[in-house]
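Report on the structure given below.
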Ligand SMILES: C[S@@+](CC[C@H](N)C(=O)[O-])C[C@H]1O[C@@H](n2cnc3c(N)ncnc32)[C@H](O)[C@@H]1O
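Numbering (the working numbering), first residue to last: 3 to 259.
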């Protein structure tokens, strides 16, 4: 089965020995790839919708892996028991859905040692949720495959040396983010809270990847601005986007210095 760069990266972030649940498994591509790497561990795929559930069951059978991979029908982490696995992959879903899955499956999520999360939209909202709800963000990864994908590795504990550690409240998060950006960029005081959360991967990846990612975000904003009619009703939004462009340009300069 062909594996996208994004899924390859996700798989590379999972310890070889760990038992894994892949939530929203669809074609069971992740469980099958994990089973090929090490069939002697627990691998569970969870799927909520009937059609992808059938795909998953059929793909596992076609790969001859029914004895290694268990496909379960259900919602998120709800059909897994605490202690069954150490790692959860939740990827290819929107941030709101991932947050909902973590909320509903809180007991299981708290029992894991690692979560590999691949939100398809608004990753900053997922970061904020994690850090305000007792999770550390261990690292962030960026993968380019026709677009940038952001992958977060998190743990439901306070982990020393993590990229960001859990905080009690938003004020604590603001302080921690400012400190993290200062360490990386020397001067980051005028990045607003949301932008700091949005650009978090640049604190984790190598400089060239960070710069390419930022340039592509800048190009995206420019495209939106160029397509936005220059009328009074769009003025505020245009100003916000122009500010964001300035900020991103400044961060690129700082990284390239
Ligand atoms: C776009 S696919 C992603 C497949 C794969 N995880 C990936 O990253 O490429 C999303 C899958 O998640 C399933 N899904 C959505 N919400 C779910 C939930 N709460 N629990 C389990 N599966 C869910 C959908 O039915 C769909 O098959």
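Ideal Cβ placement from N, Cα and C applies to all residues, glycine included.
- Taking every protein chain shown into account, the CB of residue 160 has fewer than 16 other CB atoms within 10 angstroms, so this residue is exposed.
- Here DSSP, grouped into helix, strand and coil, assigns residue 91 to strand.
- Counting other Cβ atoms within 10 Å of its Cβ, residue 104 reaches 16 or more and is therefore classed as buried.
- Straight-line spacing of the CA atoms in residue 188 and residue 45 works out to 44 Å.
- Secondary structure note for residue 153: its beta strand (DSSP E) is the uninterrupted segment 150-157.
- If you compare the alpha carbons of 115, 143, 246 with that of residue 11, the shortest gap goes to 143.
- The secondary-structure analysis by DSSP pairs residue 54 with nothing; it has no beta-bridge partner.
- In this structure, residue 141 and residue 206 form a Cβ contact; the two beta carbons are roughly 5 Å apart against a cut-off of 8 Å.
- Between the segment 59-69 and the segment 80-99 there are fewer than three inter-stretch CB-CB distances shorter than 8 Å, so the stretches are not counted as touching.
- The segment 162-170 and the segment 31-48 do not touch, with fewer than 3 CB-CB distances between them shorter than 8 Å.
- At a cut-off of 7 Å, the beta-carbon of residue 9 counts as near ligand 1: some heavy atom of the ligand is closer than that.
- Taken in chain order, the whole beta strand (DSSP E) runs of length 3 or more contained in the segment 98-169 are 116-121, 138-146, 150-157.
- In the three-state reduction of the DSSP assignment, residue 176 falls in the helix class, which pools H, G and I.
- Residue state for residue 28 is assigned as coil, using DSSP reduced to three classes.
- The Cβ neighbour count for residue 236, taken over all protein chains shown within 10 Å, is under 16; the residue is labelled exposed.
- Taken in chain order, the whole alpha helix (DSSP H) runs of length 4 or more contained in the segment 188-258 are 195-200, 209-229, 237-258.
- For the set 55, 78, 227, 195, the Cα lying nearest the Cα of residue 111 is the one of 78.
- The residue among 210, 215, 244, 165 with its C-alpha nearest the C-alpha of residue 223 is 244.
- Around the beta carbon of residue 196, fewer than 16 other beta carbons lie within 10 angstroms, which makes this residue exposed.
- If you check the C-beta of residue 123 against ligand 1, you find no heavy atom less than 7 Å away.
- Here the C-alpha atom of residue 174 lies approximately 19 Å from the C-alpha atom of residue 125.
- Shortest Cα-Cα distance from residue 115 to any of 229, 47, 16, 75 involves 16.
- Excluding sequence positions up to five before and after residue 123, its CB lies within less than 7 Å of the CB of 96, 97, all in the same chain and listed in chain order.
- Collapsing the DSSP output to three states places residue 43 in coil.
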